[in-house]
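Just so it is clear: in the sequence shown, position 100 is 484 by this note's numbering, and no numbers are missing.
Here's the structure, in structure tokens; my notes come after.
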Amino acid sequence: MSRRTTAPRPKTAAPKRRSPLPFARAALMGLVALLLVVAGVWASWADAQHILLSKGREHGTLAVTGCSAEVCTGRFDPEGPAPVRTDMSIERSVAVRSDGEYPVVVKPGSRELVRTGLGGGLHAWLPLGGSLLLAALVIGGGLRLPRPAWAAASLGGLLLVGTFLTV
385 MSRRTTAPRP KTAAPKRRSP LPFARAALMG LVALLLVVAG VWASWADAQH ILLSKGREHG
445 TLAVTGCSAE VCTGRFDPEG PAPVRTDMSI ERSVAVRSDG EYPVVVKPGS RELVRTGLGG
505 GLHAWLPLGG SLLLAALVIG GGLRLPRPAW AAASLGGLLL VGTFLTV
């Protein structure tokens, strides 16, 4: 009768405790990236809402005659039977130049105009493009997610370049 010998069982290692710091860092970086994108949408929405939700608002063409440090004024020719007005203004920016003619929409309850069309729409979303570029740095560096970081950076860069080319 042979005696079977079995190798002694190895002791199982106690489960390692994971530090909560990597999870806290990831949550914090995710929150910062989300905050950057939300801030970009918030800043963009002030003008973009008038372009995207322009149904029922007064549309027309603005012929810019002069600009001050902050606003440009000119001759507003609304679509339809409404008379031409000269008391309307538009924010001075790279999207508006002196002696230019632009399609615009009136902000409800005010005398302010917002440029419409492709150039005006892209210009309205410009803050979102910048915030996507900043969020891409946080996503890539803080969260260590290179593919989503490249996607966010590409979207932000396309928005900035598209705005530059159309305005």
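Using N, Cα and C, we set each Cβ at its ideal position, and we do this for glycine too.
This structure is a prediction, so every number in the text was calculated from the model and none was measured.
Kindly list the residues whose CB is nearer than 8 Å to the CB of residue i, restricted to its own chain and excluding five residues on each side of it in sequence; keep chain order.
i, result
"R495", "D471, M472 and S473"
Report yes if the CB atom of residue i is closer than 8 Å to the CB atom of residue j, and no otherwise.
i, j, result
"I523", "A408", "no"
"L446", "L518", "no"
"H434", "E463", "no"
"L539", "L521", "no"
"V480", "R499", "yes"
"E475", "V489", "no"
"S403", "P511", "no"
"G503", "L544", "no"
"T547", "H507", "yes"
"P406", "R441", "no"
Would you mind working out which of the options sits nearest residue i, comparing C-alpha positions?
i, options, result
"A353", "T390, S438 and M413", "The requested residue 353 does not occur in the structure, where the chain is confined to residues 385 to 551."
"S505", "G525, P392, V551 and H443", "It should be pointed out that residue 505 corresponds to Gly in this sequence rather than to Ser. Ranking G525, P392, V551 and H443 by Cα distance to G505 puts V551 first."
"G526", "A430, L405, A410 and G450", "A410"
"A536", "P394, T396 and G424", "G424"
"C451", "T390, V478 and A466", "V478"
Can you say whether residue i is buried or exposed, counting buried as having 16 or more other CB atoms within 10 angstroms of its CB?
i, result
"W509", "buried"
"L437", "exposed"
"A432", "buried"
"L542", "exposed"
"L497", "buried"
Which same chain residues end up closer than 7 Å to residue i when comparing Cβ atoms and leaving out the 5 residues on each side of it in sequence?
i, result
"D483", "V448"
Starting from the C-beta of residue i, find all residues in its chain whose C-beta is less than 6 Å away, skip the five residues before and the five after it, and write them out in chain order.
i, result
"Y486", "L446 and R499"
"D461", "G444, T445 and V468"
"R528", "none"
"P530", "G524"
What are the uninterrupted segments assigned as alpha helix (DSSP H) that are 4 or more residues long and contained completely in the region 467 to 539, given in chain order?
501 to 508 and 510 to 521
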